[in-house]
């Protein structure tokens, strides 16, 4: 039987399909109010102002206490959910319910770029750029760690984009992500080449070792952790595309921070 977890007062009020999603919205939130229901109509009624006190299988009372106390009032629900969550896989897409109907969270679009000043030469310096929007606190501009190459900078930018979405999105893995990059290599390496390489022992067509395996595998793990789609789109470099130009500037700034 499906359960519906209503967050009436919390970070993002709404109806959630799992206890973990509900917990993300109320844990640490003072005065949080939430309750479990067994039918979507009763959940929607409660969210929109009704009491729905007769809901079968729901907790006796929703909590209006701070999250330091809410675990005690919701202990039984948490225990019932533990067996379900232990079998949860990222491929099982989370549902989000608000205003009487299910919908997925709005997608996020992010531009990534890498820059390497003096690429292929001694003393080269590389940087990473991740652009979400103008004056967005999630934007990234930093120097590349380790081997200084343009391809590693491009891959690292994609990795940092996925990490940033994960770390700033309140655990909501159902959101679709579109990554726009001007690197055909980085896009191909993390999409159509990755599965082939992982199945043949990470060898190139001529039998050599695949470069940048560590970053490609890190990106694959970050993708697998998301319930929503991760889409890659190619954008031509230096074509006056606002997001790409901004990501490029962030990457160059990161490369110039080399000391």
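Residue numbers (UniProt numbering): 1 to 259.
For each residue, glycine too, the CB sits at the ideal point set by N, CA and C.
What is the C-beta distance between residue i and residue j, in whole angstroms, given that I count them as a contact (C-beta under 8 Å)?
{"i": "residue 231", "j": "residue 178", "result": "5 Å"}
{"i": "residue 47", "j": "residue 15", "result": "6 Å"}
{"i": "residue 21", "j": "residue 5", "result": "7 Å"}
{"i": "residue 173", "j": "residue 226", "result": "5 Å"}
Using a Cβ-Cβ cutoff of less than 6 Å, which residues in the same chain neighbour residue i once the five nearest sequence positions on both sides are dropped?
{"i": "residue 176", "result": "107, 228, 229"}
{"i": "residue 13", "result": "7"}
{"i": "residue 218", "result": "159"}
{"i": "residue 189", "result": "216"}
Is the Cβ-Cβ distance between residue i and residue j less than 8 Å?
{"i": "residue 127", "j": "residue 28", "result": "no"}
{"i": "residue 114", "j": "residue 251", "result": "yes"}
{"i": "residue 9", "j": "residue 32", "result": "yes"}
{"i": "residue 222", "j": "residue 163", "result": "yes"}
{"i": "residue 154", "j": "residue 183", "result": "yes"}
{"i": "residue 144", "j": "residue 138", "result": "no"}
{"i": "residue 187", "j": "residue 234", "result": "yes"}
In chain order, what residues of the same chain lie with their CB nearer than 7 Å to the CB of residue i, ignoring the 5 residues before and after it?
{"i": "residue 160", "result": "128, 130, 140"}
{"i": "residue 243", "result": "111, 131, 180"}
{"i": "residue 194", "result": "216, 220"}
{"i": "residue 169", "result": "175"}
{"i": "residue 171", "result": "24"}
{"i": "residue 204", "result": "210"}
{"i": "residue 34", "result": "5, 6, 7, 8, 10, 22, 26, 62, 63"}
Nearest by alpha-carbon distance to residue i: which of the options is it?
{"i": "residue 134", "options": "149, 109, 152, 121", "result": "109"}
{"i": "residue 149", "options": "207, 225, 185, 223", "result": "185"}
{"i": "residue 136", "options": "120, 146, 165, 119", "result": "165"}
{"i": "residue 256", "options": "125, 167, 19, 121", "result": "125"}
Please work out which residues of its chain come closer than 8 Å, Cβ to Cβ, to residue i, disregarding the five sequence neighbours upstream and downstream, and give them in chain order.
{"i": "residue 191", "result": "232"}
Strictly by DSSP, which residues pair up with residue i?
{"i": "residue 234", "result": "181"}
{"i": "residue 109", "result": "178"}
{"i": "residue 140", "result": "130"}
{"i": "residue 26", "result": "Answer by DSSP bridge pairing: none, since residue 26 is not bridged."}
{"i": "residue 6", "result": "15, 35"}
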